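To start, the structure under review is shown below, and the notes come after it.
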Amino acid sequence: MGAFVAKLREREAITSIALEFLNLTAARTGEVLGAEWPEFDLEGKVWTVSAKRMKSNREHRVPLSPRGVEIIEKLRAARTGAFVFPGISRSQARHW
9 MGAFVAKLRE
19 REAITSIALE
29 FLNLTAARTG
39 EVLGAEWPEF
49 DLEGKVWTVS
59 AKRMKSNREH
69 RVPLSPRGVE
79 IIEKLRAART
89 GAFVFPGISR
99 SQARHW
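Numbering (the numbering used here), first residue to last: 9 to 104.
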């Protein structure tokens, strides 16, 4: 796994960054791809996915590792819209 993550970090593509974040959080693909900025509390180091976006229909709080926080901070600096991992629409994210 270490070699795989090292290869991901060599790439600047949003897909590589999203895949590393997915592995760090053990979240579902749709949850990661549909992540929006208000869901993140970087001070508290937690990502709160609303019940409406969860398969279980219950709010889910995901603790963020230092690397997870680093990824979100890096993306926030280059923020271009509502989605943390831009390039996919909300309807597409639900189908992943």
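For every residue, glycine included, the Cβ atom is placed at its ideal position computed from N, Cα and C. On a predicted model such as this, the values are computed, not experimentally measured, just so you know.
Between the C-alpha atoms of Thr56 and Pro74 there is a straight-line separation of about 16 angstroms. For Pro74, the enclosing alpha helix (DSSP H) has its first and last residue at 74-85.
Sequence-distant Cβ neighbours of Ala59 in its own chain, meaning closer than 6 angstroms and more than five residues away, are Asn65, Arg66, Glu67.
In this structure Gly10 is exposed. Its beta-carbon is surrounded by fewer than 16 other beta-carbon atoms within 10 angstroms. For secondary structure counted as the beta strand (DSSP E) over 3 or more consecutive residues, the stretch 47-77 holds these complete runs in sequence order: 54-57, 68-71. The criterion of a C-beta distance shorter than 9 angstroms is satisfied by Leu16 and Ser24. Rounded to the nearest whole angstrom, the CA to CA distance from Gly89 to Leu72 is 22 angstroms.
In terms of CA proximity to Val70, Arg36 leads the group Ile22, Arg84, Ala21, Arg36. A residue is called buried when at least 16 other Cβ atoms come within 10 angstroms of its Cβ; Phe91 meets this threshold and is buried. Non-local C-beta neighbours of Ala26 in its own chain, meaning closer than 6 angstroms and more than five positions away in sequence, comprise Val40, Phe93, ordered along the chain.
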